[in-house]
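Residue numbers (the working numbering): 456 to 734.
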């Protein structure tokens, strides 16, 4: 059923491939978490994917599965749909997750990765909601949210590595060729994924803080030893609850931590370019 009114929420979670195998948040059976409703809305960019509204310690949280990607809607439109809804809901904090391939020999399978920066090789250009802002990407990932995610991972999984570095964004849905991986490695990429852009731009556009955790699910092509489908499948199904727990505990920490010390809100400026509407 299509809703006309979007519920208010300050916090949102964009699900990716690392929680795709579970129903989030229901399968976690987490204390203080309650699902209220599921809904779809009409947006200027088409009908939205299905959203889920739930509460964490009585605070509203919105979530959407697999970045809003689905058959019949291109990925650029899916991103615009979900961020338009987040903007209307008043979302100010966004967490996300995903599975990525490692280029760096220092980053191993099942490690957690939190990016500091990105290289955008996606073809999804000109993805924006409005023409109002100049988006400064000096610090694209919220440093305060990064600290929270790192602390929660270390607390829940003390034996797992939390790695930092540069996330190279490609379109997919295929994996990259060996030549593409060599190029990205030479340019400084540490991991390869498909979702960080344009989400990081759209988060900045709506004035929201944005950060994510990315599970290492494979080695990029040409990186030895070669990845196996069996291991990829095992990680996909058996790590989903672990990633979900990290997200829920991080949301609880965000709700508790009312004071913001990041600079994200200062990195969106009014554009100096004024476009004339063509009738």
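Glycine is no exception: its CB is placed at the ideal position from the N, C-alpha and C atoms.
When the options are compared against residue i, the one with the closest alpha-carbon
| i | options | result |
| --- | --- | --- |
| residue 567 | 469, 613, 470, 583 | 613 |
| residue 643 | 696, 622, 676, 457 | 622 |
| residue 633 | 607, 611, 678, 624 | 678 |
| residue 470 | 627, 667, 608 | 667 |
| residue 665 | 719, 515, 580, 704 | 719 |
| residue 544 | 656, 688, 462, 630 | 462 |
| residue 558 | 472, 542, 680, 729 | 680 |
| residue 546 | 629, 506, 516 | 516 |
| residue 531 | 651, 635, 688, 673 | 651 |
| residue 631 | 619, 472, 577 | 577 |
| residue 701 | 637, 603, 521, 589 | 603 |
| residue 689 | 468, 460, 498, 473 | 473 |
| residue 494 | 553, 724, 481, 540 | 540 |
| residue 529 | 518, 563, 504 | 504 |
| residue 478 | 716, 553, 699, 728 | 699 |
| residue 728 | 538, 468, 554, 590 | 590 |
| residue 712 | 600, 691, 552, 648 | 600 |
| residue 476 | 703, 716, 691 | 691 |
Run of the beta strand (DSSP E) containing residue i, from where it starts to where it stops
| i | result |
| --- | --- |
| residue 547 | Element bounds for residue 547: n/a, residue is neither H nor E. |
| residue 634 | Residue 634 -> not in any beta strand (DSSP E); alpha helix (DSSP H) instead, spanning 633-641. |
| residue 724 | 723-725 |
Range covered by the alpha helix (DSSP H) that runs through residue i
| i | result |
| --- | --- |
| residue 465 | Taken as a continuous stretch (DSSP letters only), residue 465 belongs to no alpha helix (DSSP H), as it is neither H nor E. |
| residue 580 | Residue 580 -> no alpha helix (DSSP H), and no H or E assigned at all. |
| residue 707 | 695-711 |
Whole-number beta carbon distance between residue j and residue i, since they are thought to touch under 8 Å
| i | j | result |
| --- | --- | --- |
| residue 654 | residue 534 | 6 Å |
| residue 574 | residue 661 | Not confirmed; about 23 Å, so no contact. |
| residue 726 | residue 586 | 7 Å |
| residue 594 | residue 722 | 7 Å |
| residue 549 | residue 663 | 5 Å |
| residue 596 | residue 571 | 6 Å |
| residue 696 | residue 483 | 7 Å |
| residue 556 | residue 672 | 7 Å |
| residue 615 | residue 674 | That pair is no contact at about 17 Å. |
| residue 569 | residue 705 | Not a contact, Cβ separation roughly 11 Å. |
| residue 707 | residue 519 | Contact flag wrong, Cβ pair sits at about 20 Å. |
| residue 457 | residue 502 | 7 Å |
| residue 657 | residue 554 | Residue 657 to residue 554, Cβ: 21 Å. No contact. |
| residue 620 | residue 636 | Actually they are not in contact, since the Cβ atoms of residue 620 and residue 636 sit about 15 Å apart, beyond 8 Å. |
| residue 618 | residue 562 | 5 Å |
Those residues which DSSP pairs with residue i across a bridge
| i | result |
| --- | --- |
| residue 493 | 507 |
| residue 555 | 671 |
| residue 623 | 574, 647 |
| residue 457 | 495 |
Any chain B beta carbon closer than 8 Å to residue i
| i | result |
| --- | --- |
| residue 673 | The displayed structure is made up of one protein chain only, and chain B is not part of it. |
query = Can you give, in chain order, each stretch of the alpha helix (DSSP H) that sits fully within the region 645-692 and has at least 4 residues?
reply = 651-660
Entirely enclosed beta strand (DSSP E) segments - the region 499-551, minimum 3 residues = 506-511, 514-519
query = In chain order, which alpha helix (DSSP H) runs of at least 4 residues are fully inside the region 557-621?
reply = Qualifying alpha helix (DSSP H) stretches, in chain order: 598-611.
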